[in-house]
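A.B. asks: First residue of the sequence shown? That's 1 in full-length UniProt numbering, and the numbers climb one at a time after it.
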Amino acid sequence: MALFEAHGYAATTVEQIAQAAEVAPITVYRYFGTKEATVVSVSLTPALREGLGLMADALASHGAPTGEAVSGLVSLLVAEEDDWLDGLAARINLVASTPELEQAMWAKSSTWTTTLAEELPTDALSARVQARALVGACLEGLLEWRDRPGFPDAESLTGVIQEALGAIRVPATSPATA
1 MALFEAHGYA ATTVEQIAQA AEVAPITVYR YFGTKEATVV SVSLTPALRE GLGLMADALA
61 SHGAPTGEAV SGLVSLLVAE EDDWLDGLAA RINLVASTPE LEQAMWAKSS TWTTTLAEEL
121 PTDALSARVQ ARALVGACLE GLLEWRDRPG FPDAESLTGV IQEALGAIRV PATSPATA
């Protein structure tokens, strides 16, 4: 992120990214595939998997992720990595100000939808629809977060994600489980 902040996204090359990471450019392409992916890719860490489980459990029992589940997810991610929140804020600023990155983020959301849908206890179609709505709400919340008072703190992140998720509701039971 430091390279993008120093030189701008468009002016930063994959070669510069590789040099900063002390790897060959081909390694960057093998791992990420594109320059955009170096910004919008998210690793499915143990904390993120646990947080997704909290969200899925709340969805199954309450029809929507609860404030407790959202707070739990953010807390797990912040605790996992010291500079996670600052890194996320830098990514969101960059994505929001770079149209090709915002487009790449939305394209990547299909992968995130599939990952979340696998955690949901409903039939395949319901799980995908619910996951798509949740991922979309979270991404819109992230884009809004940078314009909120308190940005980039965990409390403002939790609040805006809760607000975004509050805009959608899914039934506590799906037709397949009713």
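For glycine and all other residues, C-beta sits at the position ideal for the given N, C-alpha and C. Predicted model, so just to flag it, every value in this text is computed and none were measured.
Answer with buried or exposed for residue 8, where buried requires no fewer than 16 other C-beta atoms within 10 angstroms of its C-beta.
C.D. replies: exposed
A.B. asks: So, does the segment 78-97 touch the segment 110-121, judging by three or more C-beta pairs under 8 Å?
C.D. replies: In this structure the segment 78-97 does not touch the segment 110-121; the number of beta carbon pairs closer than 8 Å is below three.
A.B. asks: Scan the segment 78-115 and note each continuous beta strand (DSSP E) run of 3 residues or more that stays entirely inside, going in chain order.
C.D. replies: none
A.B. asks: Note down, in chain order, each residue of its chain lying with its Cβ closer than 7 Å to the Cβ of residue 59, except the 5 sequence neighbours on either side.
C.D. replies: 65, 120, 130 and 170
A.B. asks: Leaving out five residues before and five after residue 51 in sequence, what residues of the same chain have Cβ atoms less than 6 Å from its Cβ?
C.D. replies: 73 and 76
A.B. asks: Whole-angstrom Cβ separation of residue 135 and residue 109, contact assumed at under 8 Å?
C.D. replies: 5 Å
A.B. asks: Taking the straight line between their C-alpha atoms, what separation do you get for residue 165 and residue 127?
C.D. replies: 16 Å
A.B. asks: For residue 197, which of 15, 53, 85 and 33 has the nearest alpha-carbon?
C.D. replies: In the structure as shown, the chain starts at 1 and stops at 178, and residue 197 therefore has no counterpart that could be examined.
A.B. asks: Measuring straight from C-alpha to C-alpha, what distance separates residue 167 and residue 124?
C.D. replies: 23 Å
A.B. asks: What is the C-beta distance between residue 36 and residue 101, in whole angstroms, given that I count them as a contact (C-beta under 8 Å)?
C.D. replies: 6 Å
A.B. asks: Quick check: what's the CA-CA separation for residue 139 versus residue 55?
C.D. replies: Those two C-alpha atoms are separated by around 15 Å.
A.B. asks: Measure the alpha-carbon distance for residue 19 versus residue 70 and round it to whole angstroms.
C.D. replies: 37 Å
A.B. asks: Determine the burial state of residue 162: buried for a count of at least 16 other Cβ atoms within 10 Å of its Cβ, exposed for fewer.
C.D. replies: Buried: at least 16 other Cβ atoms inside 10 Å.
A.B. asks: Would DSSP call residue 55 helix, strand or coil?
C.D. replies: Helix, per DSSP.
A.B. asks: Within its chain, find whatever has a CB closer than 6 Å to the CB of residue 150; leave out the 5 residues flanking it on each side and keep chain order.
C.D. replies: Only 156 meet the Cβ criterion.
A.B. asks: Following the continuous alpha helix (DSSP H) through residue 25, name the residue where it begins and the one where it ends.
C.D. replies: 25-32
A.B. asks: On the criterion of 16 or more Cβ atoms from any shown chain inside 10 Å, does residue 104 qualify as buried, or is it exposed?
C.D. replies: buried
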